[in-house]
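Residue numbers (this note's numbering): 71 to 427.
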């Protein structure tokens, strides 16, 4: 089975008020040394996985485009020099609209990055300021236009609902703008208040005004209705795409396929083992520079847990669970294993069994 690569860039220009991801502002002094260490890890792992074909690469963060373009080009070049990357590989990068320009995007496209994902979140300037984002709504729209001029046709934007003081009409406007921009892939996420974030602190102090449950449900329903009506297939719980533009890398997560994580805080799923690199950037640098593994956590779940993971991850997608893939992976008949549950859920109308599964 082909391998996916995830490469983590743990830097950002400014930490958003809702974000609990392993991303850190004001670390410009570590950009070059981190790139050096990451390229060394790429080289070492390339030797270990020399027999694997890589057909998806995802550069995430943080904000990968916080790095200067020459450093990003070094990382992509190192991957291509050390891994067997297929000619039709999907190579994605996340970007903040406030950190890109035409020259940067043209350079990224020229080195082989063929998919870009912008963290737009909303096209409302007022809401963007409440989130602590560094870009404006117009900059979000303009980033898409610049990316198209640079040669990107496979473009995603993230949109969020349930934001402080957001109304259903605000979300509807963002959906309309995204459609007018002819963006082929849209990811839609509800705001979740994570512990130890500024939003969590504000909420505890009674200073964060969130939409009512009814208003948030209305926003959710708008997305679920509007996007399919305008040519987008909901192929995964949070993701909608035009035909041919589903994210191949993300589907690896939901289809229990192997992926290798590189960089601080990166996660891997290899040979049924889950691994996580240290989130501490300086600890990561020390590990790589001393020739040690940056992996700080390993876990191999028991088979029952693996089978459960296989099922609930597959059920995030509109293709559902493949009986054939289940048998190939576990050497067990899916229907025999879950006959009681399948019968019960089907009787309630909660489960469908297409003939081609």
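Beta carbons: idealized from backbone N, C-alpha and C, even for Gly.
Values in this document were obtained by computation on a predicted structure and should not be read as measured data.
With 16 as the cutoff for other CB atoms within 10 Å, does residue i come out buried or exposed?
i	result
residue 129	buried
residue 319	buried
residue 215	exposed
residue 99	exposed
residue 420	exposed
What is the rounded straight-line gap between the Cα of residue i and the Cα of residue j?
i	j	result
residue 380	residue 312	26 Å
residue 234	residue 135	27 Å
residue 120	residue 156	13 Å
residue 292	residue 310	13 Å
residue 141	residue 177	11 Å
residue 138	residue 357	24 Å
residue 270	residue 290	22 Å
residue 242	residue 175	29 Å
residue 88	residue 409	42 Å
residue 237	residue 368	43 Å
Only counting the same chain, and skipping five residues up and downstream in sequence, which positions put a Cβ closer than 7 Å to that of residue i?
i	result
residue 327	71 and 74
residue 394	none
residue 298	304
residue 429	As shown, the chain starts at 71 and ends at 427. That puts residue 429 outside it, with no answer to give.
Can you give me the Cβ contacts of residue i inside the same chain, cut-off strictly under 6 Å, excluding the 5 residues immediately before and after it?
i	result
residue 329	74, 76, 322 and 339
residue 306	386 and 387
residue 188	165, 167, 213 and 227
What are the start and end residues of the beta strand (DSSP E) that includes residue i?
i	result
residue 303	303–306
residue 339	337–340
residue 191	185–191
The alpha helix (DSSP H) spanning residue i covers which residue range?
i	result
residue 412	409–417
residue 356	351–359
residue 267	Segment: none, residue 267 is in no alpha helix (DSSP H) and carries neither H nor E.
residue 103	101–118
If I measure Cβ to Cβ from residue i and keep anything under 8 Å in the same chain, skipping five residues before and after, which residues do I get?
i	result
residue 131	78, 79, 80, 81, 82, 91, 93 and 164
residue 185	160, 161, 162, 163, 222, 224, 225, 226 and 317
residue 377	396, 400, 402 and 407
residue 351	80, 94, 97, 100, 104 and 334
When DSSP labels each residue in this structure, what does residue i get in the three-state scheme?
i	result
residue 236	coil
residue 146	helix
residue 129	strand
residue 345	strand
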